[in-house]
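In our numbering, the protein residues as written are 31 to 156. Each residue gets a CB set at the ideal place from its N, CA and C atoms; glycine is no exception. Working notes, beginning with the structure itself.
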Amino acid sequence: MTTPLCQLSAIAEGQAKGFPYRGGQVVVVRRNARIFVYENRCPHFGVNLDFQQDKFFSYDETYLQCAMHGALFEVETGACIAGPCRGQPLTRVAFELVDEQVLLDQDFVPVATTRKLTTKPDTTRG
31 MTTPLCQLSA IAEGQAKGFP YRGGQVVVVR RNARIFVYEN RCPHFGVNLD
81 FQQDKFFSYD ETYLQCAMHG ALFEVETGAC IAGPCRGQPL TRVAFELVDE
131 QVLLDQDFVP VATTRKLTTK PDTTRG
């Protein structure tokens, strides 16, 4: 069984977009006429990859990048090739593309992001 996530037209070629899904988030990447779907969660620290909404790529737009510590992930495989989680891949999400609509495997339940990127004021200084 599958669950509709988005229309393919919502993601421009060469771009990535995050979507809420069942208490967590997923990121859909459209590159070279292919679609890749991953859980939007760094395996190192449990935060979403994007610091700003839908900003998933490294500066040269070659890799997905975690905004927390700069880990780099291959778009095609989800493999971490640099950073503190080297060797730990992103979680791939099974999907189907039917009539220009991205459908996720209904059995997939994302892990809720455990940490948020926030800045707290320093209250230790007087």
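- By the CB criterion at 8 Å, proline 34 and glutamine 131 fall inside the cutoff.
- Residue nearest to arginine 71 within the set Met98, Asn62 and Glu126 is Met98 (criterion: CA-CA distance).
- Glutamate 104 has its alpha-carbon roughly 7 Å from the corresponding atom of isoleucine 111.
- In this structure, valine 56 and glutamate 43 do not form a Cβ contact; the two beta carbons are roughly 19 Å apart against a cut-off of 8 Å.
- Setting aside the 5 residues that flank it on each side, lysine 85 is surrounded in the same chain by Ala97, each with a C-beta closer than 8 Å to its C-beta; the list follows chain order.
- If one requires a minimum length of 3 residues, the beta strand (DSSP E) runs lying completely within the region 32 to 78 are 32 to 37, 45 to 51, 54 to 61 and 64 to 69, in chain order.
- In the three-state scheme derived from DSSP, where H, G and I count as helix and E and B as strand, glutamate 126 is classed as strand.
- In this structure, glycine 113 places its C-beta atom within 8 Å of the C-beta atom of glycine 100.
- Approximately 13 Å separates the beta-carbon atoms of arginine 64 and glutamine 45; this is outside 8 Å, ruling out the contact.
- Taken through DSSP and simplified to helix, strand or coil, aspartate 80 comes out as coil.
- For the 8 Å CB-CB criterion, glycine 48 and aspartate 90 do not form a contact.
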